[in-house]
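Student:
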Amino acid sequence: MKPGPELTNGDAYVVKQIPYGPGCWLIRLAAPIHAPIAAGQFAHVRVDPENDAPLLRRPFSFWDTHVHDDAWTSVDLLYTVVGRGTALLERRRPLDKVGFLGPLGRGFTPRRDKRIFVFVAGGVGIVPFHLFAKQIRRSGHDPRIILLFGARTAGALWGVDDFPALDVEVHAATEDGSRGSKGLVTDLLETRLRKLRRRDLMIYTCGPDAMMKRVIQSARRKQIPCEASLERRMGCALGACGACVTRVRDGADWRYSRICLEGPTYDAADLVLDEAQA
Numbered sequence: 004m005k006p007g008p009e010l011t012n013g014d015a016y017v018v019k020q021i022p023y024g025p026g027c028w029l030i031r032l033a034a035p036i037h038a039p040i041a042a043g044q045f046a047h048v049r050v051d052p053e054n055d056a057p058l059l060r061r062p063f064s065f066w067d068t069h070v071h072d073d074a075w076t077s078v079d080l081l082y083t084v085v086g087r088g089t090a091l092l093e094r095r096r097p098l099d100k101v102g103f104l105g106p107l108g109r110g111f112t113p114r115r116d117k118r119i120f121v122f123v124a125g126g127v128g129i130v131p132f133h134l135f136a137k138q139i140r141r142s143g144h145d146p147r148i149i150l151l152f153g154a155r156t157a158g159a160l161w162g163v164d165d166f167p168a169l170d171v172e173v174h175a176a177t178e179d180g181s182r183g184s185k186g187l188v189t190d191l192l193e194t195r196l197r198k199l200r201r202r203d204l205m206i207y208t209c210g211p212d213a214m215m216k217r218v219i220q221s222a223r224r225k226q227i228p229c230e231a232s233l234e235r236r237m238g239c240a241l242g243a244c245g246a247c248v249t250r251v252r253d254g255a256d257w258r259y260s261r262i263c264l265e266g267p268t269y270d271a272a273d274l275v276l277d278e279a280q281a
């Protein structure tokens with residue numbers, strides 16, 4: 004399967020790298036992007052297009068975008084160094100090339116009929132919510148936005164202090180109690196939901212699967228609409244390899260859905276939770 008004409012498939016250039024916390028970096032790339040980018044979509048990046056190792060690309064959500072008149076678009080990707088690919092990405096310097104394919108996938112749906120958006124993020128699941136909040140504020144729709152962000156410790160609340168400037172209410176939960184509430188972000192969600200009118204709410208979540216499963220279960224119990232953005236390793240990101248799949252409802256049965264094409268964002272009501280947790 005070949006990428007469509009609306010996708011950029013070629014070289015992008017590193018503009019800069021900014022440390023964003025322990026083991027976390029923001030990389031800005033300049034790329035000849037031809038399509039608008041929706042929050043929740045992703046780029047598939049080949050760390051070093053001139054070498055075969057690592058062979059596979061890595062998927063990264065968009066933290067921010069900067070469109071320039073008569074120039075390439077700049078995109079910000081927030082990432083943590085967790086393996087060989089991201090360790091090599093950290094070493095890229097201004098004017099170095101990376102392979103860029105994107106924007107890919109399905110982003111979040113801004114529900115204009117809802118007055119309160121609740122973002123529930125864990126770890127690097129925070130990334131698409133920065134762009135989402137920014138796009139919501141630019142759209143003319145003005146919901147109350149509440150971010151619930153969970154991490155093991157305060158140092159892993161990457162980019163959390165960028166959200167108040169977007170008129171986002173921030174509530175943190177850390178397992179060691181070093182910032183915000185001590186405990187899990189899903190416990191914080193239960194506390195916050197008791198104080199909000201359900202009919203006004205829309206929940207969006209991205210992060211570890213176990214966390215998202217609990218968020219989805221809570222949304223289902225309370226009959227609150229929810230979208231979940233799944234994090235997966237991907238081979239081709241074009242739907243050809245079938246490496247990134249999850250189970251979704253299909254009438255009375257289920258089927259496999261290719262996350263790179265139909266996701267990574269799904270209506271949580273469609274997800275088969277046992278698979279989403281795997």
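Per the working numbering, the sequence shown starts with residue 4, numbered consecutively.
Glycine is no exception: its CB is placed at the ideal position from the N, C-alpha and C atoms.
Remember, it's a predicted structure, so these values are computed and weren't measured experimentally.
Quick one: does the C-beta of Leu204 sit closer than 7 Å to a heavy atom of the ligand FAD?
Tutor: The model on display carries no ligand, and the ligand FAD is accordingly not part of it.
Student: I need the straight-line Cα distance from Ala272 to Tyr259, nearest angstrom please.
Tutor: Computed Cα separation, rounded: 15 Å.
Student: So what does DSSP say about Ser181, is it helix, strand or coil?
Tutor: Reduced to three states, the DSSP call for Ser181 is coil.
Student: Does the beta-carbon of Arg155 have 16 or more other beta-carbons within 10 angstroms, so that it is buried, or is it exposed?
Tutor: Exposed.
Student: When the Cα of Leu10 is compared with those of His47, Gly43, Ile206 and Cys27, which residue comes out closest?
Tutor: Among His47, Gly43, Ile206 and Cys27, the Cα nearest to that of Leu10 is on His47.
Student: What number of angstroms, rounded off, separates the C-alpha of Val17 from the C-alpha of Phe45?
Tutor: Taking the straight line joining both Cα atoms gives about 17 Å.
Student: Would you check if the distance between the CB atom of Ile139 and the CB atom of Glu172 is smaller than 8 Å?
Tutor: No, Cβ-Cβ distance for Ile139 and Glu172 is not below 8 Å.
Student: Taking all protein chains shown into account, do 16 or more other C-beta atoms lie within 10 angstroms of the C-beta of Arg31, making it buried, or fewer, making it exposed?
Tutor: That one is buried.
Student: Indicate the three-state DSSP secondary structure (helix, strand or coil) for Leu80 in the structure shown.
Tutor: Reduced to three states, the DSSP call for Leu80 is strand.
Student: Report buried or exposed for Arg96, applying the criterion of at least 16 other Cβ atoms within 10 angstroms of its Cβ.
Tutor: Exposed, by the Cβ-count rule.
Student: Of all the options Met237, Tyr207 and Gly43, which has the alpha carbon lying nearest to the alpha carbon of Arg223?
Tutor: Measuring from the Cα of Arg223, the nearest candidate turns out to be Tyr207.
Student: With the cut-off set at 8 Å, would you say Thr112 and Glu230 are in Cβ contact?
Tutor: Result yes, Cβ atoms of Thr112 and Glu230 sit closer than 8 Å.
Student: Exposed or buried, which one is His71 when buried takes at least 16 other CB atoms within 10 Å?
Tutor: Exposed, by the Cβ-count rule.
Student: Can you give me the C-alpha to C-alpha distance between Asn192 and Leu59, rounded to a whole angstrom?
Tutor: The sequence shown places Leu at residue 192, not Asn. So the two alpha carbons sit approximately 36 Å from each other.
Student: On a CA-only basis, which of Ile40, Asp51 and Phe122 is nearest Lys100? Give me that one, please.
Tutor: Out of Ile40, Asp51 and Phe122, Asp51 has the C-alpha closest to the C-alpha of Lys100.
Student: Within this structure, are the beta carbons of Gly210 and Gly110 separated by less than 8 Å?
Tutor: Contact flag unset, no.
Student: Where does Thr177 land, buried or exposed, given buried means 16+ other C-beta within 10 angstroms?
Tutor: Per the 10 Å Cβ criterion, buried.
Student: Per DSSP, what kind of secondary structure is Met205 in: helix, strand or coil?
Tutor: In this structure, Met205 counts as strand in the three-state DSSP scheme.
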